[in-house]
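Heads up: the structure comes next, in structure tokens.
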Amino acid sequence: MTKSPARIRKAVFPVAGLGTRFLPATKAMPKEMLTVVDRPVIQHVVDEARAAGIEHFVFVTGRNKGVIEDHFDSQFELERTLQERGKEKELAALLRDLPGAGQTSFTRQQAALGLGHAVWCAREIVGSEPFALLLPDMLHFSSAPCLATMMEAYQELGGNMVAVSPVPDDQTQNYGIVGVDNAQNQVSEIKTMVEKPRPGTAPSNLHITGRYILQPEIFDLLEKQKPGAGNEIQLTDAMLGLLERDDQKFHAVRFGGQLYDCGSKLGFLMANVAYGLSREGLGDGFRRELNKLMSKDI
Ligand code: UTP
């Protein structure tokens with residue numbers, strides 16, 4: 002009988018980046034706290050992890066990110082005030098979003114040396130079990146939550162999983178790209194990967210979208226990983242090292258929904274439109290107002 006793969010209980014959220022593309026908004030406020038409709042971007046991503054069965058949420062924070070910790074803590078005065086004013090619906094919604102006691106951990110990346118380094122900072126909290134990794138500025142908008150779909154594939158195949166999506170051929174140099182055995186399949190085995198390939202050298206047009214399931218051996222590679230593209234310690238470089246080992250497999254899971262890079266201004270604005278239009282009780286009115294706006298010459 003084949004053994005089923007170890008359960009994924011923990012998810013890592015690296016939130017220590019500087020958010021330079023979003024200055025000045027991110028001067029005093031983390032970009033992960035920018036709101037898409039009425040929820041901070043990071044809350045949308047934590048929701049996705051919870052929907053996939055994650056039980057422990059590990060945040061790798063940095064300077065000026067304390068408000069993220071506050072967001073996932075209870076707010077006694079606010080909760081009591083809501084109760085006293087009979088705002089039960091609002092109170093219930095707040096409490097529903099809150100992770101349970103002991104279900105969050107926070108660690109610091111003292112210097113923003115790159116995504117790979119941020120993930121390595123979580124090694125003591127994750128320990129020796131496989132874990133999920135979600136990049137908080139990438140919103141995956143879909144009726145089938147991305148991480149839950151990856152979990153299904155993981156149950157069957159085990160190993161390491163990376164969510165991917167196609168980009169136009171002339172944009173591959175901006176992304177982490179994978180080469181797979183069959184690019185048309187929903188789930189395919191990864192043969193190679195490269196961070197920001199030089200134009201014309203990408204092994205496919207499938208880019209890594211920011212959702213991963215990783216085996217804990219990645220931490221040993223990250224510890225020794227030299228800076229790569231952009232002089233940052235790149236996760237993709239360490240994943241390539243893991244892929245080259247005989248005992249490790251990587252599969253790409255195609256994400257079929259819409260991606261919004263909320264670290265960029267355009268992606269963030271589009272996310273607000275998409276999530277706003279799909280929100281019950283808001284979408285119809287928003288669509289009417291948008292149509293009016295679009296018909297004006299501004
Ligand atoms: P990004 O490169 O998109 O984030 O990293 P950034 O560096 O904040 O953005 P810009 O380019 O300056 O605008 C993807 C994710 O990895 C985290 C970021 O917080 C983001 O969620 N990250 C990146 C870290 O936690 N530490 C790092 O050293 C780099």
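Residue numbers (this note's numbering): 2 to 299. Ideal placement from N, C-alpha and C gives every residue a C-beta, glycine not left out. For clarity, every value in this text was computed on a predicted model and none was experimentally measured.
I'd like to know whether the C-beta atoms of residue i and residue j end up nearer to each other than 9 Å.
{"i": "G54", "j": "A149", "result": "yes"}
{"i": "G67", "j": "A17", "result": "no"}
{"i": "M308", "j": "V163", "result": "Outside the displayed range of the chain (2 to 299) lies residue 308, so it cannot be described from this structure."}
{"i": "V195", "j": "H252", "result": "no"}
{"i": "V274", "j": "V165", "result": "no"}
{"i": "A12", "j": "H45", "result": "no"}
{"i": "A7", "j": "P100", "result": "no"}
{"i": "Y213", "j": "A133", "result": "yes"}
{"i": "L207", "j": "P146", "result": "no"}
{"i": "L95", "j": "L114", "result": "no"}
{"i": "G257", "j": "S143", "result": "yes"}
{"i": "P198", "j": "Q172", "result": "no"}
{"i": "E218", "j": "L243", "result": "yes"}
{"i": "N161", "j": "Q226", "result": "no"}
{"i": "I69", "j": "I43", "result": "yes"}
{"i": "E49", "j": "P41", "result": "no"}
{"i": "I126", "j": "V59", "result": "yes"}
{"i": "V61", "j": "T108", "result": "yes"}
From the DSSP output, which residues share a beta bridge with residue i?
{"i": "G177", "result": "E196"}
{"i": "Y213", "result": "L134 and V163"}
{"i": "H208", "result": "S166 and I178"}
{"i": "Y261", "result": "L140"}
{"i": "V59", "result": "V13 and S106"}
{"i": "A253", "result": "V163 and S189"}
{"i": "R40", "result": "V37"}
State yes or no: is the C-beta of residue i nearer than 8 Å to some heavy atom of the ligand UTP?
{"i": "F269", "result": "no"}
{"i": "D138", "result": "yes"}
{"i": "R22", "result": "yes"}
{"i": "K32", "result": "yes"}
{"i": "G264", "result": "yes"}
{"i": "A7", "result": "no"}
{"i": "E290", "result": "no"}
{"i": "L278", "result": "no"}
{"i": "P15", "result": "yes"}
{"i": "A119", "result": "yes"}
{"i": "Q174", "result": "no"}
{"i": "G115", "result": "yes"}
{"i": "V61", "result": "yes"}
{"i": "G177", "result": "no"}
{"i": "G229", "result": "no"}
{"i": "L19", "result": "yes"}
{"i": "Q44", "result": "no"}
{"i": "Q216", "result": "no"}
**Q.** Stretch pair the segment 163-178 + the segment 199-211: three plus CB contacts closer than 8 Å
**A.** Counting Cβ pairs under 8 Å, three or more are found: they touch.
Q. Pairing CB atoms from the segment 13-28 with CB atoms from the segment 128-145, are three or more of them under 8 Å?
A. yes
**Q.** Sufficient close CB pairs (3 or more, under 8 Å) joining the segment 67-79 to the segment 117-125
**A.** The segment 67-79 vs the segment 117-125: no contact.
Q: Assess, as a yes-or-no matter, whether the segment 226-246 is touched by the segment 101-119 under the definition of 3 or more beta carbon pairs within less than 8 Å.
A: yes
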